[in-house]
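**Q** Protein chains in written order, with full-length UniProt numbering: chain A, 1 to 91; chain B, 1 to 91; chain C, 1 to 91; chain D, 1 to 91; chain E, 1 to 91.
Even glycine gets a Cβ: it sits at the ideal position worked out from N, Cα and C.
Computed from a predicted structure; not experimentally measured.
My structure is below; once you've seen it, I'll send some questions.
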Amino acid sequence: MIAAVVTGNIWSSRRIDGLPNGALLRVEALESGDRFIAFDVLGSGVGEHVLVAQGSVASNWFPGTPPPVDALVIGSIDRDATPEVPPNSGL
Amino acid sequence: MIAAVVTGNIWSSRRIDGLPNGALLRVEALESGDRFIAFDVLGSGVGEHVLVAQGSVASNWFPGTPPPVDALVIGSIDRDATPEVPPNSGL
Amino acid sequence: MIAAVVTGNIWSSRRIDGLPNGALLRVEALESGDRFIAFDVLGSGVGEHVLVAQGSVASNWFPGTPPPVDALVIGSIDRDATPEVPPNSGL
Amino acid sequence: MIAAVVTGNIWSSRRIDGLPNGALLRVEALESGDRFIAFDVLGSGVGEHVLVAQGSVASNWFPGTPPPVDALVIGSIDRDATPEVPPNSGL
Amino acid sequence: MIAAVVTGNIWSSRRIDGLPNGALLRVEALESGDRFIAFDVLGSGVGEHVLVAQGSVASNWFPGTPPPVDALVIGSIDRDATPEVPPNSGL
Numbered sequence: 001m002i003a004a005v006v007t008g009n010i011w012s013s014r015r016i017d018g019l020p021n022g023a024l025l026r027v028e029a030l031e032s033g034d035r036f037i038a039f040d041v042l043g044s045g046v047g048e049h050v051l052v053a054q055g056s057v058a059s060n061w062f063p064g065t066p067p068p069v070d071a072l073v074i075g076s077i078d079r080d081a082t083p084e085v086p087p088n089s090g091l
Numbered sequence: 001m002i003a004a005v006v007t008g009n010i011w012s013s014r015r016i017d018g019l020p021n022g023a024l025l026r027v028e029a030l031e032s033g034d035r036f037i038a039f040d041v042l043g044s045g046v047g048e049h050v051l052v053a054q055g056s057v058a059s060n061w062f063p064g065t066p067p068p069v070d071a072l073v074i075g076s077i078d079r080d081a082t083p084e085v086p087p088n089s090g091l
Numbered sequence: 001m002i003a004a005v006v007t008g009n010i011w012s013s014r015r016i017d018g019l020p021n022g023a024l025l026r027v028e029a030l031e032s033g034d035r036f037i038a039f040d041v042l043g044s045g046v047g048e049h050v051l052v053a054q055g056s057v058a059s060n061w062f063p064g065t066p067p068p069v070d071a072l073v074i075g076s077i078d079r080d081a082t083p084e085v086p087p088n089s090g091l
Numbered sequence: 001m002i003a004a005v006v007t008g009n010i011w012s013s014r015r016i017d018g019l020p021n022g023a024l025l026r027v028e029a030l031e032s033g034d035r036f037i038a039f040d041v042l043g044s045g046v047g048e049h050v051l052v053a054q055g056s057v058a059s060n061w062f063p064g065t066p067p068p069v070d071a072l073v074i075g076s077i078d079r080d081a082t083p084e085v086p087p088n089s090g091l
Numbered sequence: 001m002i003a004a005v006v007t008g009n010i011w012s013s014r015r016i017d018g019l020p021n022g023a024l025l026r027v028e029a030l031e032s033g034d035r036f037i038a039f040d041v042l043g044s045g046v047g048e049h050v051l052v053a054q055g056s057v058a059s060n061w062f063p064g065t066p067p068p069v070d071a072l073v074i075g076s077i078d079r080d081a082t083p084e085v086p087p088n089s090g091l
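Structural data, given as C-alpha cells:
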C-alpha cells in the first residue's frame, strides 16, 4: 500500500457504466511524490493522510461485479502514529 | 487511476482475436508525462482529459471473456473541476 | 498497452511446463525505452511496431490453463497511422 | 518479491471493512530505496529484513474473501544468508 | 517478462504458510539493473541468464491454491541466442 495525502478531487460526468458511488480523489504519494487518482468511500478530506491499495485488489473489494477501479483508499493514517525509525539507526 | 490527455490514436489491422470494438487511444499522463495506449469506448477526442484505469480491472470491465486490454478510459474529467489544493498549503 | 518495436528474440530450451507455442520477442517501448520480453503469436518481425498488453490479461487471453506469460503482442501498429497531435498544441 | 527493511508502522483507526488482523508496516526496499506499506502477520520488528510479495497475490493468500491488501510480508530474510555474488564477477 | 541474471539466493526460515518448494533467487534485470527476488523451480545457478514472469501469473502457475509468489523463473535464456538487432539500425 502507499501512504498518500489527499490534494483534491475530480468530477467525471461522462463515464462508463459500472463505477460505484464514491469520490474520485487526487492523491500524492508521501514518499515518491507520485500523483494519481484513488476511489474513496470514507469521505476523506483534502490534507488527510490516507492508505491506498492499488491494482485488482481495489476492484475486488467491492461487492458484486468488480468495478473498473485500480486504486482505493482503505483507511486514514492516524496523526499520532509512532514516529518512523530511520532505517540506518542501528535497530 | 491516472489522469491523462488524449494525444492521438493508433490503428492495428493485424491483431489477435478477442479485442472488442472501440478505439485505441494514445494518452499522456498529466502528472508523470508517461505515454501509453488506452482502450476507449466513450468516443473521447484528442485534447480531452480522461481518467484511465490500468491492469486487469480494465479487462474485467468487459462482459464475457475478458479481452487482452490493460488500460481503459473510464471517464472524461470535467473541465470545471475544483482547482487542486497544493499539498503543502497547510490544509 | 505499450507501443513497442521488436528488436530480436530469445530462445529458452530449458523452461517450465505450461508455456504455449509462440515466440519470445525482445521489445523496446517506443516512448520510455524500457526493454522487456513479450510473447508473440502473430509472427511479428524485427523492426515491426507492435502493441503489447502486460500483466495477467496477457495470460488470460490463452484458452485453457493460463500460462505464466505477463506480456503479449496483441497487434501490429499500422505504419499509416494518424500522426500524433502534440499534447500542448491547443486542441 | 522485494527484499526490504522494516522502518516503522502505521495505525489506521478509520478504515474500510474487510481488513484482516495484522500490522501495517512501513518498509523500505533494500535495493531501490522505495518506501511503502506492507501487511504483516509474522510479528516482524523494526530493523528486520523481510521478503514482500506485491499485487493480488498478497490478497489471495488470505482465506475467505480476499482483503484489499496489495503487499504482504511472506518471510523474514535470514541474517546468515549466502553473500550475494556481484553480477559482474565473471561467474 | 524480464531477462535477468541470477546473482545469489536468500534463505527465509521464518515464513508464512503456503510457500511451495523451490529456491528464492536474487536476480538483476539485464536492461534496467532492477534487483528483486524470484522463485525458481528449475535449479538455476548464479550467473545464469533467466526469463522471469511477474505478477499474479507467477502465482497462478502453481497447481492448487495459488501461493504468495509474484515473480517466477520460467526458463533459462540460451547463450547461443540470436544477437539482438539495435532498434535504430534501420530494419
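1. For residue 50 of chain D versus residue 4 of chain D, is the C-beta distance shorter than 7 Å?
2. Around the C-beta of residue 59 of chain C, are 16 or more other C-beta atoms found within 10 angstroms, so that it is buried, or is it exposed?
3. Tell me the rounded alpha-carbon separation between residue 65 of chain B and residue 64 of chain A.
4. Is the CB-CB distance between residue 52 of chain D and residue 2 of chain D below 7 Å?
5. Is the CB of residue 22 of chain B under 7 Å away from at least one CB in chain C?
6. Can the beta-carbon of residue 18 of chain B be found less than 7 Å from the beta-carbon of residue 39 of chain B?
7. Strictly below 7 Å CB to CB, what residues from chain C border residue 69 of chain B?
8. Leaving out five residues on either side along the sequence, give the residues of the same chain with a beta carbon under 7 Å from the beta carbon of residue 24 of chain B.
9. Name the chain B residues that come within less than 9 Å of residue 3 of chain C, Cβ to Cβ?
10. As an exercise, report each continuous beta strand (DSSP E) stretch of at least 3 residues that is fully enclosed by the stretch 9-33 of chain A, in chain order.
11. Mark residue 20 of chain E as exposed unless 16 or more other C-beta atoms lie within 10 angstroms of its C-beta, in which case mark it buried.
12. Alpha carbon to alpha carbon, how far is residue 47 of chain A from residue 32 of chain A?
13. Spatial neighbours of residue 68 of chain D within its chain, please: C-beta separation below 8 Å, excluding the five flanking residues on both sides.
14. Between residue 79 of chain D and chain A, is the shortest Cβ-Cβ distance under 7 Å, so that the two count as touching?
15. Using 7 Å as the limit for Cβ to Cβ distance, is residue 76 of chain A near chain B?
16. Buried or exposed: where does residue 26 of chain D fall if 16 or more other Cβ atoms within 10 Å of its Cβ makes it buried?
17. Give the interface partners of residue 18 of chain D over in chain A, defined as CB-CB distance under 9 Å, in chain order.
18. For residue 35 of chain A, count the other beta carbons within 10 Å of its own beta carbon; 16 or more makes it buried, fewer makes it exposed. Which is it?
19. DSSP three-state call for residue 69 of chain D: helix, strand or coil?
20. Find out if the Cβ-Cβ distance for the pair residue 55 of chain E, residue 75 of chain D is shorter than 7 Å.
21. How would you call residue 70 of chain A, buried or exposed, if buried means at least 16 neighbouring beta carbons within 10 angstroms?
22. Could you tell me which residues DSSP pairs with residue 51 of chain C in its beta bridges?
23. Using a Cβ-Cβ cutoff of less than 7 Å, which residues in the same chain neighbour residue 77 of chain A once the five nearest sequence positions on both sides are dropped?
24. Expressed to the nearest angstrom, what Euclidean distance is found between the alpha-carbon atoms of residue 73 of chain A and residue 29 of chain C?
25. Beta-carbon within less than 6 Å of residue 90 of chain A's beta-carbon, same chain only, minus the 5 sequence neighbours each way: which residues are those?
26. Could you compute how far the alpha carbon of residue 6 of chain A sits from the alpha carbon of residue 79 of chain A?
27. If we ignore side chains and look at the alpha-carbon of each, how far apart do residue 44 of chain A and residue 14 of chain D end up?
28. With a threshold of 7 Å between beta-carbons, can residue 48 of chain E be considered close to chain C, or not?
29. At which residues does the alpha helix (DSSP H) containing residue 92 of chain B begin and terminate?
30. From residue 61 of chain E to residue 61 of chain C, what distance separates their C-alpha atoms?
31. Quick one: is residue 13 of chain A near chain B, going by C-beta distance under 7 Å?
**A** In brief:
1. yes
2. Residue 59 of chain C counts as buried, since no fewer than 16 other beta carbons sit within 10 angstroms of its beta carbon.
3. 17 Å
4. A contact, by the Cβ cut-off of 7 Å.
5. no
6. no
7. Those within 7 Å of residue 69 of chain B in chain C are 53 and 57.
8. 9, 10, 12, 37 and 39
9. 10, 26, 35, 36 and 37
10. 23-29
11. exposed
12. 17 Å
13. 16, 18, 19 and 59
14. Taking 7 Å as the threshold, the shortest C-beta distance from residue 79 of chain D to chain A does not fall below it.
15. No, residue 76 of chain A lies away from the interface with chain B (no Cβ there is under 7 Å from its Cβ).
16. buried
17. Listed along chain A, the residues sitting closer than 9 Å to residue 18 of chain D by beta-carbon distance are 61 and 74.
18. Buried is the call here.
19. coil
20. no
21. buried
22. C:3 and C:75
23. Closer than 7 Å at the Cβ level, and outside the excluded window around residue 77 of chain A, lie 3, 49, 50 and 51.
24. 31 Å
25. Note that residue 90 of chain A scores 44 on pLDDT, short of 50, meaning its location in the model is unreliable; the coordinates nonetheless yield the value given after this. Once the five neighbours on either side are set aside, residue 90 of chain A has no close Cβ partner at all.
26. 14 Å
27. 10 Å
28. no
29. Examination of residue 92 of chain B is not possible in this model, given that chain B is present from 1 through 91 alone.
30. 15 Å
31. Under the 7 Å criterion on CB atoms, residue 13 of chain A is classed as interfacial with respect to chain B.
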